[in-house]
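Which chain is which? The protein sequence lines are A and B, in order.
Residue numbers for the first sequence follow my numbering, beginning at 56 and rising by one.
Residue numbers for the second sequence follow my numbering, beginning at 56 and rising by one.
Note that the Cβ used here is the ideal one computed from N, Cα and C, for glycine as well.
There are 2 protein chains.
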Amino acid sequence: MSDVARLAGVSIKTVSRVVNAEPGVHADTAKRVLAAIDRLGFRRNLGALNLRRGSSTGTIGLVLEDVGNPFYSGLTRAVEEVARGFGRQVLTGSSDEDPDRERELALEFCARRVDGLIVVPAGLRHGYLMPEITSGMPVVFVDRPPGDVLADTVLVDNIEGAAAAVAHLAAHGHRRIAFLGDAPDIFTAAERLRGFREGCAKAGIPYDAELVAMGPHTGPSVRATLDRVLAGRSAATAVLTGNNRITVHVLRAVAGGTGRPALVGFDDFELADLLDPPVSVVSLQPGTLGRAAAELLFARLNGDTSPPRRLMLPVHLVPRGSGEVEPS
Amino acid sequence: MSDVARLAGVSIKTVSRVVNAEPGVHADTAKRVLAAIDRLGFRRNLGALNLRRGSSTGTIGLVLEDVGNPFYSGLTRAVEEVARGFGRQVLTGSSDEDPDRERELALEFCARRVDGLIVVPAGLRHGYLMPEITSGMPVVFVDRPPGDVLADTVLVDNIEGAAAAVAHLAAHGHRRIAFLGDAPDIFTAAERLRGFREGCAKAGIPYDAELVAMGPHTGPSVRATLDRVLAGRSAATAVLTGNNRITVHVLRAVAGGTGRPALVGFDDFELADLLDPPVSVVSLQPGTLGRAAAELLFARLNGDTSPPRRLMLPVHLVPRGSGEVEPS
DNA sequence: CGGCATCATGACAACGTTGTCCAACCGGCG
DNA sequence: CGCCGGTTGGACAACGTTGTCATGATGCCG
Chain A
56 MSDVARLAGV
66 SIKTVSRVVN
76 AEPGVHADTA
86 KRVLAAIDRL
96 GFRRNLGALN
106 LRRGSSTGTI
116 GLVLEDVGNP
126 FYSGLTRAVE
136 EVARGFGRQV
146 LTGSSDEDPD
156 RERELALEFC
166 ARRVDGLIVV
176 PAGLRHGYLM
186 PEITSGMPVV
196 FVDRPPGDVL
206 ADTVLVDNIE
216 GAAAAVAHLA
226 AHGHRRIAFL
236 GDAPDIFTAA
246 ERLRGFREGC
256 AKAGIPYDAE
266 LVAMGPHTGP
276 SVRATLDRVL
286 AGRSAATAVL
296 TGNNRITVHV
306 LRAVAGGTGR
316 PALVGFDDFE
326 LADLLDPPVS
336 VVSLQPGTLG
346 RAAAELLFAR
356 LNGDTSPPRR
366 LMLPVHLVPR
376 GSGEVEPS
Chain B
56 MSDVARLAGV
66 SIKTVSRVVN
76 AEPGVHADTA
86 KRVLAAIDRL
96 GFRRNLGALN
106 LRRGSSTGTI
116 GLVLEDVGNP
126 FYSGLTRAVE
136 EVARGFGRQV
146 LTGSSDEDPD
156 RERELALEFC
166 ARRVDGLIVV
176 PAGLRHGYLM
186 PEITSGMPVV
196 FVDRPPGDVL
206 ADTVLVDNIE
216 GAAAAVAHLA
226 AHGHRRIAFL
236 GDAPDIFTAA
246 ERLRGFREGC
256 AKAGIPYDAE
266 LVAMGPHTGP
276 SVRATLDRVL
286 AGRSAATAVL
296 TGNNRITVHV
306 LRAVAGGTGR
316 PALVGFDDFE
326 LADLLDPPVS
336 VVSLQPGTLG
346 RAAAELLFAR
356 LNGDTSPPRR
366 LMLPVHLVPR
376 GSGEVEPS
């Protein structure tokens, strides 16, 4: 900026005035300054500006599990969209389901003085965020609740979703339903298992631990599990999967085989409707989740000081055919 | 920091020393300072640090078309991964194929003094980045070349890919091949069209403009185009699609119908192998693209001053069945 | 006991920007 | 001609941090 001032033959402060379009600068002077700015390719340093103004850095942080997963990239896009509406940039980071990495990312964002934070929790402890929460930085947790702090949270109705899936399968005559869920220490996985059990109970199906396999899952592990639960005289006739990745593993495992079980997947995914048979799912829109979280965050940034809220977004069953297969 | 100093009864400078683990602080003093830091929830302000040090902000900017698109989210993930290895955070923004938005995002990132920039160009003019390029900020363009500046660029071999797809279809007896590409002012779309023409020429197939429809495409427009090119006595027997979204539109349009044409799609996508028939594609890994770009960027940041490079990554045809359908 | 090296700590400037305040200049008016 | 108000430009401090240098205390040696 001092270079610009020198070239234009004015003081630094005058350049600042021009940059900020403040009144009180002669038109000719302003023109000279603008020319100098253009010639030198000057860009005002936002870091210094934020330091000086001390108010807002114009950024928010988003910590999620994996941007590469379509579910989270849809969420990211929605957050970005809302942030743009409020003139903010988004810093993203993937935790890979590692609590340490989540913490590291969140604290890094805090050190960068983001205006707010949206977190898909990987761990169960979030006390490390107490200083920021106490000092008024808004934090919103999405998809899973925080471990040991009280803060805004946006969830989906996992229990209801899983129960609805079971009801759907039961309505089509299934009595032996397998559940392949994610690692049980992941909140959503535990909730979906709970919904699965409730659904079974409501349908009068006795809970059979033999038919439940919680993750983490890989392609081979899913294949092995299916070999087990789909075999024998008490074989499962239907499968409920706990998230989009497991659903894909199952589809791949049963592809080409005969006697494919009925299937309902948690999370919708692209092309589910074009498979044969089309895959019925419990649908939750990542965009809706992201938008809700971001809107909550910006409401806080705009002065909403009501007590922490817990939003529970509805899910809905999308029957497409794979869940309507009758038991053989 | 001054609060910490006051609480610990030391000077600000001593706190700074402790925070930076500098030698020359008495163990007892350090302990007092650490206790104060913990009690106050102090976090060192990275913005101020960057201002003071003036060197690196520890961030890079990534401007792409749409994080929500699996292709770009895969790319994003790869960039994030590499950046993490070099201790950098990633700022992302979606341009939605709007040159103004691309410019706005890129300049915003520059104003935040990112250490480097990775851009999937939306427009054809990038002269606005000249000041930064001249001043040594590394900029890498991915997927498409920049318009009017000389800079590192990572592309894929679109021409070869499209030509290979045509050769594949021709080898299976197709002589009437339709091409549905993106808007012709998008570099990749133009290149793929060129590859399509070259492939046709090489296979001795006369180029028929009637069978080519360039975007932008929507579901209905794709449907209408297919109705046209697949009808009549000179109907196309095969279709080549110019990107993953168009491929999905085509799949949806032909789903349920009879007499489905042979199909090869540009860009691989999840579940392509599980459709019926499985979809043959020209595969280009977004992760490979992102990694190459990020590695190039960090090579520059680490002092590589060789002339701008242009990387051309290979693509490969993945035959899965949909391209092997014989013409009826 | 004086001198000197060593250690622990602190004062100050500077990074790039802007808010606050003051100075210089202009024209017009009494 | 002198004064006043308005218009334009500049000096300075401050945001939070660290690099440079100085200061004071301590201990050791001759």
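So is residue i buried or exposed if we call it buried at 16+ other beta carbons inside 10 Å?
i	result
aspartate 83 of chain A	exposed
asparagine 299 of chain B	buried
asparagine 75 of chain A	exposed
leucine 205 of chain A	exposed
glycine 320 of chain A	buried
glycine 142 of chain B	exposed
histidine 81 of chain A	exposed
threonine 313 of chain A	exposed
isoleucine 92 of chain B	buried
asparagine 357 of chain B	exposed
serine 57 of chain A	exposed
isoleucine 301 of chain B	buried
serine 190 of chain B	exposed
threonine 147 of chain A	buried
proline 78 of chain A	exposed
glutamate 163 of chain A	buried
proline 271 of chain B	exposed
Residue i touches chain A at which residues, Cβ-Cβ below 9 Å?
i	result
proline 374 of chain B	None at all; the shortest Cβ gap to chain A is about 17 Å.
leucine 306 of chain B	Leu326 and Leu329
arginine 132 of chain B	Asp121, Val122, Gly123, Asn124, Ser128 and Ser149
valine 303 of chain B	Glu325, Leu326 and Leu329
Between residue i and residue j, is the Cβ-Cβ spacing less than 9 Å?
i	j	result
leucine 160 of chain B	leucine 366 of chain B	no
arginine 117 of chain B	leucine 172 of chain B	Correcting the residue type first, residue 117 of chain B is leucine in the shown sequence and not arginine. A contact, by the Cβ cut-off of 9 Å.
proline 193 of chain A	glutamate 325 of chain A	no
alanine 317 of chain B	threonine 296 of chain B	no
arginine 375 of chain B	proline 341 of chain B	no
serine 289 of chain A	arginine 231 of chain A	yes
valine 195 of chain A	phenylalanine 234 of chain A	no
serine 128 of chain B	valine 122 of chain A	yes
leucine 89 of chain B	valine 65 of chain B	no
arginine 307 of chain B	glycine 274 of chain B	yes
valine 370 of chain A	valine 337 of chain A	yes
proline 382 of chain A	glycine 228 of chain A	yes
glutamate 157 of chain B	proline 186 of chain B	no
glycine 102 of chain B	threonine 112 of chain A	yes
serine 368 of chain A	alanine 354 of chain A	According to the sequence shown, residue 368 of chain A is leucine rather than serine. The answer is no: Cβ separation not under 9 Å.
phenylalanine 97 of chain A	valine 59 of chain A	yes
serine 377 of chain B	leucine 330 of chain B	yes
isoleucine 214 of chain A	arginine 247 of chain A	yes
aspartate 170 of chain B	threonine 114 of chain B	yes
alanine 310 of chain A	methionine 269 of chain A	no
glutamate 265 of chain A	serine 335 of chain A	no
valine 267 of chain A	phenylalanine 251 of chain A	yes
aspartate 44 of chain B	glutamate 120 of chain B	Within the shown structure, residues of chain B are numbered from 56 to 383, placing residue 44 of chain B beyond reach of any answer.
alanine 219 of chain A	glycine 254 of chain A	yes
Under 8 Å Cβ-Cβ, which residues of chain B neighbour residue i?
i	result
arginine 168 of chain A	Asn100, Leu101 and Gly102
threonine 296 of chain A	Going along chain B, no residue has its Cβ under 8 Å from threonine 296 of chain A, so there is no contact; the nearest lies around 14 Å.
threonine 112 of chain A	Gly102
Along chain B, which residues have their Cβ under 7 Å away from the Cβ of residue i?
i	result
valine 310 of chain A	For the record, residue 310 of chain A in the displayed sequence is alanine; it is not valine. Under the 7 Å cutoff, chain B gives Leu329.
asparagine 105 of chain A	Gly102
glycine 129 of chain A	Gly123
Could you work out which residues of chain A lie near residue i, taking near to mean beta carbons separated by less than 7 Å?
i	result
cysteine 165 of chain B	Arg98
leucine 205 of chain B	Those within 7 Å of leucine 205 of chain B in chain A number zero; the least Cβ separation is about 16 Å.
valine 380 of chain B	Those do not exist, as valine 380 of chain B stays about 16 Å from chain A at its closest Cβ, beyond 7 Å.
Residues of chain A with a CB under 8 Å from the CB of residue i: which are they?
i	result
methionine 185 of chain B	Gly96
glutamate 135 of chain B	Val122, Thr147, Gly148 and Ser149
threonine 189 of chain B	Gly96
**Inter-stretch contact at 8 Å, needing at least 3 Cβ pairs: the region 283-291 of chain A / the region 242-262 of chain A** = At 8 Å Cβ cutoff, the stretches do not touch.
**Prompt:** Touch check for the region 271-280 of chain B and the region 215-225 of chain B: three-plus C-beta pairs under 8 Å?
**Reply:** With the cut-off at 8 Å, the region 271-280 of chain B and the region 215-225 of chain B do not touch.
**Asked** At which residue ranges does the region 144-232 of chain B contain complete beta strand (DSSP E) runs of 3 or more residues, listed in the order of the chain?
**Response** Listed in chain order, the complete beta strand (DSSP E) runs (minimum 3 residues) inside the region 144-232 of chain B are 144-149, 171-174, 194-197 and 207-211.
**Prompt:** So, do the region 121-136 of chain A and the region 100-113 of chain A have three or more beta carbon pairs nearer to each other than 8 Å?
**Reply:** Counting C-beta pairs with one atom in each stretch, the region 121-136 of chain A and the region 100-113 of chain A have fewer than three that are closer than 8 Å, which means they do not touch.
**Segments of 3+ residues assigned as beta strand (DSSP E) that fall wholly inside the region 256-343 of chain A** = Annotation: the region 256-343 of chain A contains the following complete segments of the beta strand (DSSP E) (minimum length 3 residues), in chain order: 267-269, 293-296, 317-321 and 335-338.
**Prompt:** Can you give, in chain order, each stretch of the alpha helix (DSSP H) that sits fully within the region 340-366 of chain A and has at least 4 residues?
**Reply:** Counting only unbroken stretches of 4 or more residues, the alpha helix (DSSP H) elements lying wholly within the region 340-366 of chain A are 341-356, in sequence order.
**Prompt:** What runs of the beta strand (DSSP E), each 3 residues or longer, lie entirely inside the region 97-123 of chain B?
**Reply:** The qualifying runs are 114-119.
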